[in-house]
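Residue numbers (this note's numbering): 740 to 823.
C-beta: ideal position from N, C-alpha, C; glycine also.
As the structure is a computational prediction, the values presented were derived from the model and not from experiment.
Below you'll find the structure, written out as structure tokens, and then a few comments.
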Ligand code: SF4
């Protein structure tokens, strides 16, 4: 049986959103969660899809953003997980 980080890949409960005006195109989110984030032709991050990267990676991606442009919410509780 598998245990540990990443076991919830694809079955996450976090939803992410990018605040476009805050994004400076640093792309660390893309490096950490490449199935979720992509830079568009204006060098701003867009959300490609939800629930493909693990919740852990989504949170890490949001925390890596230098301008806190990524909002993470918990589907089940409606709570904003990041930024706090
Ligand atoms: S890490 Fe933040 S600033 Fe960088 S591309 Fe992603 S959302 Fe934009």
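CA-to-CA, the gap between residue 819 and residue 789 works out to about 16 Å.
As computed with DSSP, residue 806 is found in no beta bridge at all. Nearest neighbour of residue 807 by Cα position, chosen from 755, 754 and 761, turns out to be 761. Within the chosen limit of 7 Å, the ligand SF4 does not reach the beta carbon of residue 822 with any heavy atom. By the Cβ-count criterion, residue 751 is buried, with 16 or more other Cβ atoms from all chains shown falling within 10 Å of its own Cβ.
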